[in-house]
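The structure appears below as structure tokens.
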Amino acid sequence: MSTQPGRVSSDTLESDLQIAPRRERLKFTVHHSGPILLAGGFAILVLLIFITGLGVVSRATLLFSEVSTINTEFRQLSLDLERLRSDVSLAGSYARDQLFDADSDSIEDRRNRFLKARSTVETRLIAVSPHVAPEQQTEFDQLRMEIESYWKLAEAVFNQVDGETRSVRLLQRELTLRRNSVLAILATIGSINESAAEQRQHEIETAQNDLIQYTRRMILVSSLLGLLVAIAAGYGNHLLQSQADQQRGRTERAEQELRSLSSQLVHAQEQERRAISRELHDEVGQTLTGLGIELGNLEHLRDGPPSEYRSHLADAKRLTEETLRTVRNIAMGLRPSMLDDSGIVPAVRWQASELSKRTGTPVELQIEGDFDGLGDEGRTCLYRVVQEALTNCARHAQATTIQIAMERRNGSVCLSIRDDGIGFDTGRARAGLGLVGIEERVKKLGGSLAVSSWPNRGTLLSVEIPLANRNS
Numbered sequence: 219m220s221t222q223p224g225r226v227s228s229d230t231l232e233s234d235l236q237i238a239p240r241r242e243r244l245k246f247t248v249h250h251s252g253p254i255l256l257a258g259g260f261a262i263l264v265l266l267i268f269i270t271g272l273g274v275v276s277r278a279t280l281l282f283s284e285v286s287t288i289n290t291e292f293r294q295l296s297l298d299l300e301r302l303r304s305d306v307s308l309a310g311s312y313a314r315d316q317l318f319d320a321d322s323d324s325i326e327d328r329r330n331r332f333l334k335a336r337s338t339v340e341t342r343l344i345a346v347s348p349h350v351a352p353e354q355q356t357e358f359d360q361l362r363m364e365i366e367s368y369w370k371l372a373e374a375v376f377n378q379v380d381g382e383t384r385s386v387r388l389l390q391r392e393l394t395l396r397r398n399s400v401l402a403i404l405a406t407i408g409s410i411n412e413s414a415a416e417q418r419q420h421e422i423e424t425a426q427n428d429l430i431q432y433t434r435r436m437i438l439v440s441s442l443l444g445l446l447v448a449i450a451a452g453y454g455n456h457l458l459q460s461q462a463d464q465q466r467g468r469t470e471r472a473e474q475e476l477r478s479l480s481s482q483l484v485h486a487q488e489q490e491r492r493a494i495s496r497e498l499h500d501e502v503g504q505t506l507t508g509l510g511i512e513l514g515n516l517e518h519l520r521d522g523p524p525s526e527y528r529s530h531l532a533d534a535k536r537l538t539e540e541t542l543r544t545v546r547n548i549a550m551g552l553r554p555s556m557l558d559d560s561g562i563v564p565a566v567r568w569q570a571s572e573l574s575k576r577t578g579t580p581v582e583l584q585i586e587g588d589f590d591g592l593g594d595e596g597r598t599c600l601y602r603v604v605q606e607a608l609t610n611c612a613r614h615a616q617a618t619t620i621q622i623a624m625e626r627r628n629g630s631v632c633l634s635i636r637d638d639g640i641g642f643d644t645g646r647a648r649a650g651l652g653l654v655g656i657e658e659r660v661k662k663l664g665g666s667l668a669v670s671s672w673p674n675r676g677t678l679l680s681v682e683i684p685l686a687n688r689n690s
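Residues are numbered in the working numbering as their position in the sequence shown, beginning at 1, plus a constant of 218.
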């Protein structure tokens, strides 16, 4: 098998240069994606806690505001009712004093104080009115009516003159009844206010229980969501780490394969050099030595018998032709000149013919189409594929027949090489330098390579190279 050391070494160095950045990208991915994933998960968890706390605080603030409003309204209404009760009692005391002591010197003073107390009561009624609950409105309206009646009766006390038929006792009784009625209504309103406050307090307790339940639910939901986020983040990190480990393993295996291929490359180069050196020494060197001897004999036989001179001259010509043939064979093994001069088809035919001569295995050729647009790299690639495949057949396949088919199809060149040998394990064979070199050549041209082998049924190697890749 002939190799191209410069070409394979370049591919090997390119692969070596590609693996190092790939390993650095892998480290970057593992070192940065993991913390980013965990940070994202914890950010979501913190967001859930914030939303939960915000909802609880909002509802608690609303509840506390409602409690404060209820307490304020209850205290204010209770205070206003108590002041109304006190002001009504004060106004009634002025009326009673006037009833039992009608001294003309103090009547105006009592009247003024009475009117002031009455004005205070009216002002408080106006202030209390907006705070009266709907269920207290009936009693409040009745309170207004009773107070109005009470004012009229009290005014009658201040306006009475001597000789009126109404007695003091009767007026006192009516004043007492009216005042008691007013106080009773005030007490009723206060009782209703307390009942309403108790009802609102019950509603507040219900709202507090709802808040507690809401808080528990939100804590439970947040905990579950947080657990899910933590599990997802942990699983994602584990998955990422697993993928990183797998990629690291693939990278390490690729490095091992690269080192193995590099070692095989060096070994193949040494074998190639040894083979060339042996062929030059054993074939060319010995032939040239024999040629030198014959030329020496010719020099000594210049004046000798003509027949002996012609015999040695014929031997010298024969040795010269053998030397030329050997050098040509060595050159053809390295790279046939007909590949550049005549194209891929004659080169493939010559390669098949040489194999048949060396091994006696017949090679059937089926070539169809025009391959002029293939380009130099394409021709070289196909020739090396045929060369490597035929060499493997001769060394390992134990085949009795080899078939080579090459055709132009849909803008591509399709090459297939089939033998009926013993087959091989394609997985192990791909680790060798031969198939790897073929595969790299084909991929570099944008083509595809497929190898199929069956025990005791032979091997099929298929290559497809697009004609668009023209690198003449």
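Idealized CB from N, CA, C, for every residue including glycine.
Between Arg626 and Leu446, the alpha-carbon positions lie close to 59 Å from each other. Within the DSSP bridge table, the entry for Arg636 names Gln621 and Leu678 as partners. Put simply, the region 558-570 touches the region 592-607. At least three CB pairs are less than 8 Å apart.
Non-local C-beta neighbours of Leu679 in its own chain, meaning closer than 6 Å and more than five positions away in sequence, comprise Ala607, Ile635 and Val669, ordered along the chain.
When the beta-carbon positions are compared, Leu519 and Gly596 stay at least 8 Å from each other. When C-alpha distances from Ile494 are compared across Arg546, Glu475 and Ile511, the shortest belongs to Arg546.
Here DSSP, grouped into helix, strand and coil, assigns Arg627 to strand.
Of all alpha-carbon atoms in Gln354, Glu373, Lys370 and Ile437, the one lying nearest the alpha-carbon of Thr406 is that of Gln354.
Between the region 528-537 and the region 506-519, the count of Cβ pairs shorter than 8 Å is three or higher; the stretches touch. Around the beta carbon of Trp369, 16 or more other beta carbons lie within 10 angstroms, which makes this residue buried. Membership of Gln616 in any alpha helix (DSSP H) is not indicated, and neither H nor E is assigned to it by DSSP. For Glu582, the pairing in a beta bridge is given by DSSP as Gln621. Taking C-beta atoms under 8 Å as the contact rule, Gly639 and Ala617 qualify, at a distance of about 4 Å. DSSP places Ala549 within a helical segment (H, G or I) once states are collapsed to three. The three-state secondary structure of Pro684, taken from DSSP, is strand. Rounded to the nearest whole angstrom, the CA to CA distance from Asp558 to His456 is 56 Å. By the neighbour-count definition (other C-beta atoms within 10 Å, threshold 16), Phe268 is an exposed residue. Counting C-beta atoms within 10 angstroms of its own C-beta, Ile449 has fewer than 16 neighbours from the protein chains shown and is therefore classed as exposed. DSSP places Ala668 in the uninterrupted beta strand (DSSP E) bounded by Ser666 to Trp672. For Glu340, the enclosing alpha helix (DSSP H) begins and ends at Ile325 to Val346. If you look at Pro523, you'll find it isn't in any alpha helix (DSSP H); DSSP assigns it neither H nor E. Contact between Ile620 and Cys611 holds, since their C-beta atoms are separated by about 6 Å, short of 8 Å. For Pro673 and His614, the gap between their C-alpha atoms comes out near 13 Å. Counting other Cβ atoms within 10 Å of its Cβ, His530 reaches 16 or more and is therefore classed as buried.
The C-alpha of Ile344 is placed about 35 Å away from the C-alpha of Arg277.
8 Å or more divides the Cβ of Leu592 from the Cβ of Val581. For Pro564, the enclosing alpha helix (DSSP H) starts and ends at Ile562 to Thr577.
By the Cβ-count criterion, Ser440 is buried, with 16 or more other Cβ atoms from all chains shown falling within 10 Å of its own Cβ. Excluding its 5 nearest sequence neighbours in each direction, Glu586 has C-beta neighbours in its own chain below 7 Å: Glu625, listed in chain order.
DSSP places Asp588 outside both helix and strand once states are collapsed to three, so it counts as coil. Annotation: Asp305 to Gln360 spans about 18 Å, alpha carbon to alpha carbon. When rounded, the separation of the alpha-carbon atoms in Gly503 and Leu542 is 12 Å.
Rounded to whole angstroms, the separation of the alpha carbons of Ser671 and Gln584 is 21 Å.
The residue from Asn289, Glu357, His485 and Thr544 with its alpha-carbon nearest to that of Glu501 is Thr544. Around the beta carbon of Asp428, fewer than 16 other beta carbons sit within 10 angstroms, so the residue counts as exposed.
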